[in-house]
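*Asks:*
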Amino acid sequence: MLRKYLIFSMLLCSLMMFSQEHFPKNDGVKTTDNIHMAFTNAKIYVTPTQVIENGTLLLKNGKVVNAASSVSIPADAVTIDLAGKSIYPSFIDVFSAYGVEKPKRAQGGGRSPQYDATRQGFYWNDHIMPENNAIEKFKYDDKAASDLRKAGFGVVNTHIQDGIARGSGALIALNGKGNNSDRIIEDRSAQYFSLRKSVASRQSYPGSVMGSMALLRQVKFDADWYAGGNANVTDRSLEAYIANKNMVNIIHAGDKVNALRVDKVGDEIGTQYVIVGGGDEYEWVKDIKATNAKYIIPINFPKAYDVENPFLASSLELESMREWNQKPFNPKVLADNGVTFALTMHDLKTSKDFKSNLMKAIDHGLDKTKALEALTTVPAQILGKSNAIGSLRAGSWANFLITSGDIFGKETTLYENWVQGKKHVIEDISVKDIRGDYELNLAGKTYDLSITGSPSKPKVEVKTGDQKLGSKLSYKDDWMNLTLTTPDTTKQEFIRLASHIKNVGNMSGKAVLSNGTETSFYAKKTGDAKSSDKKKDEKKDMPKMLPLTYPNGAYGFTSQPRQETILFQNATVWTNENEGVLENTDVLIKNGKISKIGKNLSTSGAKLVDDTGNHVTSGIIDEHSHIAASSINEGGQNSSAEVSIEDVIDAEDVDIYRNLAGGVTSMQILHGSANPIGGRSAIIKLKWGASPQEMIYNNSPKFIKFALGENVKQSNWQSFGRFPQTRMGVEQLYVDYFSRAKEYDALKKSGKPYRKDTELEVLAEILNKERFISCHSYVQSEINMLMKVAEQFNFNINTFTHILEGYKVADKMKEHGVGGSTFSDWWAYKYEVNDAIPHNAAIMHNQGVVTAINSDDGEMSRRLNQEAAKSVKYGGVSEENA
Numbered sequence: 001m002l003r004k005y006l007i008f009s010m011l012l013c014s015l016m017m018f019s020q021e022h023f024p025k026n027d028g029v030k031t032t033d034n035i036h037m038a039f040t041n042a043k044i045y046v047t048p049t050q051v052i053e054n055g056t057l058l059l060k061n062g063k064v065v066n067a068a069s070s071v072s073i074p075a076d077a078v079t080i081d082l083a084g085k086s087i088y089p090s091f092i093d094v095f096s097a098y099g100v101e102k103p104k105r106a107q108g109g110g111r112s113p114q115y116d117a118t119r120q121g122f123y124w125n126d127h128i129m130p131e132n133n134a135i136e137k138f139k140y141d142d143k144a145a146s147d148l149r150k151a152g153f154g155v156v157n158t159h160i161q162d163g164i165a166r167g168s169g170a171l172i173a174l175n176g177k178g179n180n181s182d183r184i185i186e187d188r189s190a191q192y193f194s195l196r197k198s199v200a201s202r203q204s205y206p207g208s209v210m211g212s213m214a215l216l217r218q219v220k221f222d223a224d225w226y227a228g229g230n231a232n233v234t235d236r237s238l239e240a241y242i243a244n245k246n247m248v249n250i251i252h253a254g255d256k257v258n259a260l261r262v263d264k265v266g267d268e269i270g271t272q273y274v275i276v277g278g279g280d281e282y283e284w285v286k287d288i289k290a291t292n293a294k295y296i297i298p299i300n301f302p303k304a305y306d307v308e309n310p311f312l313a314s315s316l317e318l319e320s321m322r323e324w325n326q327k328p329f330n331p332k333v334l335a336d337n338g339v340t341f342a343l344t345m346h347d348l349k350t351s352k353d354f355k356s357n358l359m360k361a362i363d364h365g366l367d368k369t370k371a372l373e374a375l376t377t378v379p380a381q382i383l384g385k386s387n388a389i390g391s392l393r394a395g396s397w398a399n400f401l402i403t404s405g406d407i408f409g410k411e412t413t414l415y416e417n418w419v420q421g422k423k424h425v426i427e428d429i430s431v432k433d434i435r436g437d438y439e440l441n442l443a444g445k446t447y448d449l450s451i452t453g454s455p456s457k458p459k460v461e462v463k464t465g466d467q468k469l470g471s472k473l474s475y476k477d478d479w480m481n482l483t484l485t486t487p488d489t490t491k492q493e494f495i496r497l498a499s500h501i502k503n504v505g506n507m508s509g510k511a512v513l514s515n516g517t518e519t520s521f522y523a524k525k526t527g528d529a530k531s532s533d534k535k536k537d538e539k540k541d542m543p544k545m546l547p548l549t550y551p552n553g554a555y556g557f558t559s560q561p562r563q564e565t566i567l568f569q570n571a572t573v574w575t576n577e578n579e580g581v582l583e584n585t586d587v588l589i590k591n592g593k594i595s596k597i598g599k600n601l602s603t604s605g606a607k608l609v610d611d612t613g614n615h616v617t618s619g620i621i622d623e624h625s626h627i628a629a630s631s632i633n634e635g636g637q638n639s640s641a642e643v644s645i646e647d648v649i650d651a652e653d654v655d656i657y658r659n660l661a662g663g664v665t666s667m668q669i670l671h672g673s674a675n676p677i678g679g680r681s682a683i684i685k686l687k688w689g690a691s692p693q694e695m696i697y698n699n700s701p702k703f704i705k706f707a708l709g710e711n712v713k714q715s716n717w718q719s720f721g722r723f724p725q726t727r728m729g730v731e732q733l734y735v736d737y738f739s740r741a742k743e744y745d746a747l748k749k750s751g752k753p754y755r756k757d758t759e760l761e762v763l764a765e766i767l768n769k770e771r772f773i774s775c776h777s778y779v780q781s782e783i784n785m786l787m788k789v790a791e792q793f794n795f796n797i798n799t800f801t802h803i804l805e806g807y808k809v810a811d812k813m814k815e816h817g818v819g820g821s822t823f824s825d826w827w828a829y830k831y832e833v834n835d836a837i838p839h840n841a842a843i844m845h846n847q848g849v850v851t852a853i854n855s856d857d858g859e860m861s862r863r864l865n866q867e868a869a870k871s872v873k874y875g876g877v878s879e880e881n882a
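Numbering (the working numbering), first residue to last: 1 to 882.
1) Closest to I645 by CA distance: which of A629, G527, N399 and F329 is it?
2) By the three-class DSSP mapping on this structure, what secondary structure does E859 have?
3) Excluding the 5 residues preceding and the 5 following G384 in the sequence, name in chain order all residues of the same chain whose CB lies nearer than 8 angstroms to its CB.
4) For R496, list the residues DSSP reports as bridge partners.
5) Jot down the residue ranges of each uninterrupted beta strand (DSSP E) in the stretch 653-727, minimum 3 residues, whole runs only, in chain order.
6) What residue range does the alpha helix (DSSP H) around P458 cover?
7) In this structure, how does DSSP classify S777 when only helix, strand and coil are distinguished?
8) Quick one: grab the DSSP three-state call for R755.
9) Got a sec? Which residues, its chain only, sit under 8 angstroms from A144 by beta carbon, not counting five neighbours each side?
10) To which residues of the same chain is I566 closer than 7 angstroms at the C-beta, ignoring the five residues directly before and after it?
11) Consult DSSP for N249 and reduce its assignment to one of helix, strand or coil.
12) To the nearest angstrom, how far is the alpha carbon of A741 from that of N638?
13) How is D650 classed by DSSP in three states: helix, strand or coil?
14) Which same chain residues, not among the five before or five after R183, have their C-beta less than 6 angstroms away from its C-beta?
15) Assuming contact is defined by CB atoms lying nearer than 8 angstroms, are A841 and I853 in contact in what I supplied?
16) How would you write the range of the alpha helix (DSSP H) that N330 sits in, first residue to last?
17) Would Q563 pass as a contact of E623 if the rule is Cβ separation under 8 angstroms?
18) May I have the straight-line CA-CA distance separating L864 from G662, to the nearest angstrom?
19) Could you work out which residue in Q732, E761 and Y734 is closest to A746 when comparing CA atoms only?
20) Buried or exposed: Y697, going by 16 or more other Cβ atoms within 10 Å of its Cβ?
21) Report the partner residues of E416 according to the DSSP bridge assignment.
22) Using DSSP's beta-bridge definition, name the partner residues of D81.
23) Taking I891 as the reference, which of S602, S499 and A388 has the closest Cα?
24) According to the neighbour-count rule (16 or more other Cβ atoms, all chains shown, within 10 Å of its Cβ), is S532 buried or exposed?
25) Can you give the beta carbon distance from L469 to T452, rounded, assuming they're within the 8 angstroms contact cut?
26) Is it the case that the Cβ atoms of R862 and N659 are separated by a distance below 8 angstroms?
27) Find the nearest neighbour of I87 within the set S821, T56 and K60, judged by alpha-carbon distance.
28) Where does Y737 land, buried or exposed, given buried means 16+ other C-beta within 10 angstroms?
29) Enumerate in chain order the residues of its own chain whose CB-to-CB distance from N54 is below 7 angstroms, with the five nearest sequence positions on each side excluded.
30) Taking the alpha carbon of N441 as the point to measure from, which residue in Y522, M480 and E634 has its own alpha carbon closest?
31) Can you tell me the Cβ-Cβ gap for L375 and L343, rounded? I've got them flagged as a contact below 8 angstroms.
32) Would you list the residues sitting across from S86 in a DSSP beta bridge?
33) Can you tell me whether D263 is helix, strand or coil according to DSSP?
34) Tell whether a beta-carbon distance below 8 angstroms holds between V51 and L59.
35) So, are the CB atoms of F329 and K368 less than 8 angstroms apart?
36) Taking F568 as the reference, give the member of V712, T413, S618 and L601 with the closest Cα.
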């Protein structure tokens, strides 16, 4: 059989040169590969769940003709007997950059950011590049292809991994025996996105995750407008975006939080993304499953940390140690929860890393069938190519692996990776596999002989009792040569053995002892070899996943808290109502709300808390905070009304836990003060262990952050490329934007066609009194200015925050109807706050202005009760009002 196989291999090499008949050939007699090939007596995995024992795989012209237990083999077929071998579909990676050169990073351009796009005739933002097509940049890389084939891959979907809208990918077969005309299965196979800007452009917007999310929304709205024939300009980016609309949309999220964020964007714009995760999906698997998205999951597991050094061990964070333990379970957890996912080599350097981490995932409980699906049928399903790749059904490309057994077995050998019917040798299948454990009988002595490694490069270990002999093995052309060295270094002896391997099993041959005497030896095979890795596996228990906590780090709950019926008894209750402070009073909590307040309350089943000597107050509300958010500023342009803090809630920020300890139960997370018009805020309840969406107050009033002063005119930024640069310019920017929003709103209400602009939509909400402004402010002249601008457009400012010169204009604030949320006694930390005084809050309060004390600081917010108490000290405000 092996001789016939070698003859066929030589014939096939000559045939492979002529796979495309329409190419002229001038180097010899023309032949054809239009013949059948039949692989018989193999265990064939047509799909991960359809397995044929002792089956036949029939090929022709690089495609599968049939795979069945009984196949009619044509007379012209070359037949290959694969008794004892297995055939699997080759793997597919749908998130690859194979053969595509990385874009070069743009050079720095001075001290001012770049605000405008550098390209003409394309979208207004350089990071939106749907016109990119990976096939135009593709160059076959033989070395990288070989590395991928060794990992079992036969097909990759490659793309340019740069930008927010990255363009279309190309489906490439890793066929090293053809040319690109053969390899390109589809030249435009999927459209790719991410939340990361292009490295090739210095354009500053977007500068945050929430900015990237807003841009993804806006480009979809712009494409819809453009597709309707409404634009009077040519935009090649939007034309490409529209042309790609029927492709599968794959977006790189990179972690569990961003996965939920991009799915939210997709829901809003009517796009179901296939999401590339980060391997931490197990932490929020219920939310991940609820997206109903398909996922592409990397298996870049952390390496074990060095904990032998006590100094290094003490600096390790709990999150890191948990990640090391839990992350290898991620594929199992996803599979167990019914999440559809493919696996990718993304973030791994070599095929060895992929194989070892894949085996680790299986060791950590991933079912082998699910693993095979994640590498074959699921990637094909994601790309809509189940009829062509990912299986060995009739009509599909003949992309398959020939192995010695279970593809995921640690001792299994991958012999060949056939791509489009072309053979690529990984290990020589004709080499007889001599690996195993033997009882070696030599010169009246018995030795334990163990041969491991690979069939073509075996390794050997020889022992007599507990003593290990020195050994060196060479194996070539069916000849095994073994040199043994006795362990006694003072009188070292050498023994040389040689055996011609005719059949796999027992071995015999000649030996030359150290004194030159020739003798025979016999080695009886006693079992399969146990490699050092396998021996280690036998000694250790199966890995156990540490229990998840909520959140999955320090101070997390072992189970998420549930609402209880609680009765607080005999407390001093601060009602913040007309009743004032009530002594010796009970408070009953039901369904998360205050049910009753009174004396001697009772209810069955309530948890009783004796609060004698304690005070019960309302939870503290911080009007101005920047904790619990992954992004704070979108400083890429002078107005960022289109972004929202609700998009980037960080539910795992430990400041949530610390603020709860300080009595804070609710807060408004504001956009930063980088722009005159900032982003929309998020009003949240501090629920430690909840998801971001569970923390947001539903149906709460809508707010947006504005800012005045030094920050927005970039006084200390040494940047002169952005309007405004003066306080006068800030006023004109407001007038300009509100004028445009007024025109936009009128057009929208007219029923005429209009281009949806997320920025102007938000500003129109302000004009319509549907959204309220909280404005960063210090100087009285600017405070007056913004109130007058608001009155010009017939709305009121809701809140001036900081407002350290509020005491100078408290009467005007009262007349306008604006509230003040201020620091208690911060001042002189920059020039525009030199006139701040600690009596500010009390003066505004006494003038009738609704006044609050805020933190703008993750540390100060933990003691806001003490900050409010300063108004009692400096301004004589009552304790209840404070």
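Even for Gly, the Cβ is constructed at its ideal location relative to N, Cα and C.
*Replies:* On the basis of the coordinates in this document:
1) A629
2) coil
3) V248
4) T483 and V512
5) 664-669, 677-680, 682-685 and 703-707
6) Run containing P458: none in the alpha helix (DSSP H); it sits in the beta strand (DSSP E), P458 to T464.
7) strand
8) coil
9) Y98 and G99
10) I589, A606, K607 and V609
11) strand
12) 15 angstroms
13) coil
14) I172, A173 and N175
15) yes
16) N330 to D336
17) no
18) 8 angstroms
19) E761
20) exposed
21) I402 and V425
22) T40
23) This structure cannot speak to residue 891, because the chain is shown only from 1 to 882.
24) Annotation note: pLDDT 49 at S532 (below 50); position unreliable, no value reported.
25) Rounded, the Cβ-Cβ distance is 16 angstroms, inconsistent with contact.
26) yes
27) T56
28) buried
29) N41 and S69
30) Y522
31) 6 angstroms
32) K43 and T403
33) helix
34) no
35) no
36) L601
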